[in-house]
Amino acid sequence: MLLPPLIFLGIALVFIWGMQRDDPTGLPSTFIGRQAPAVPQTTLPGNTQLTDDMLRQPGVKLVNFWASWCPPCRAEHPTLTELSARLPVYGVDLRDKDADALRFLAQDGNPFHAIATDPRGRAAIDWGVTAPPETFIIDADGRILYRHAGPLVREDYTNRFLPELEKALAAE
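full-length UniProt numbering numbers the first residue of the sequence shown as 1 and each following residue consecutively.
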């Protein structure tokens, strides 16, 4: 007789705890504060190859997992273009055909300082990417400071991503 109310109370406490979190929809990354995983050693024809050494160069930089077939990636593309004027933005083209990716970049512009391709999605798994787009803020030592799942657009960009980027730039 006492068991059902105790079960209900336990479930209610879990729900209340979940609603009090800073970002109840956020997926925490186990990579925060750790070295960025290796990037694939392939690139799109005619583009600069993204290397692990680039992730350890001075300054804050971004790594963006994207694909031409991904509508949210297309939506965030103007934001990446703006950001690439301020700091290096590196791209990892995920599970895409080279021709489709090249066509997308030719049509909408290429915001990426260097690109790696991940045709089978193995690097995405190593980075903990759940689905494109995902953007990582990387420090001068190649450590991941922040992971943003989803497109860099509207309030999500200004309220969640931009404060983390500004914090990383201020700590430089």
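Cβ atoms here follow ideal geometry from the backbone N, Cα and C, with glycine treated the same way.
- Here the alpha carbons of M1 and A36 stand approximately 53 angstroms from one another.
- Fewer than three Cβ pairs drawn from the stretch 129-136 and the stretch 38-53 lie within less than 8 angstroms of each other, which leaves the two stretches out of contact.
- Separation of the CB atoms of P111 and V92 is rounded to 13 angstroms, and the pair is thereby denied contact status at 8 angstroms.
- Residue pairing of Y146 in beta bridges, as defined by DSSP: I137.
- The stretch 33-119 is shown to contain whole beta strand (DSSP E) runs of 3 or more residues at 61-66, 89-94 and 114-118, in chain order.
- Contact annotation: Y146 and T79 have beta-carbon atoms that are not nearer than 8 angstroms.
- In terms of Cβ geometry, A168 and I144 do not form a close pair [threshold 8 angstroms].
- A contact is defined here as three or more CB-CB pairs under 8 angstroms, and the stretch 32-47 fails this definition with respect to the stretch 70-85.
- Boundaries of the alpha helix (DSSP H) around E166: L162 to A170.
- The beta carbon of D139 sits closer than 7 angstroms to the beta carbons of V60, L145 and A168 from its chain, once the five residues preceding and following it are set aside; these are given in chain order.
- If you check the CB distance, R95 and P133 do not come in under 8 angstroms.
- Contact check for A124 against F65 passes: the beta carbons are separated by less than 8 angstroms.
- A buried status is given to A149, since no fewer than 16 other beta-carbon atoms sit within 10 Å of its beta-carbon.
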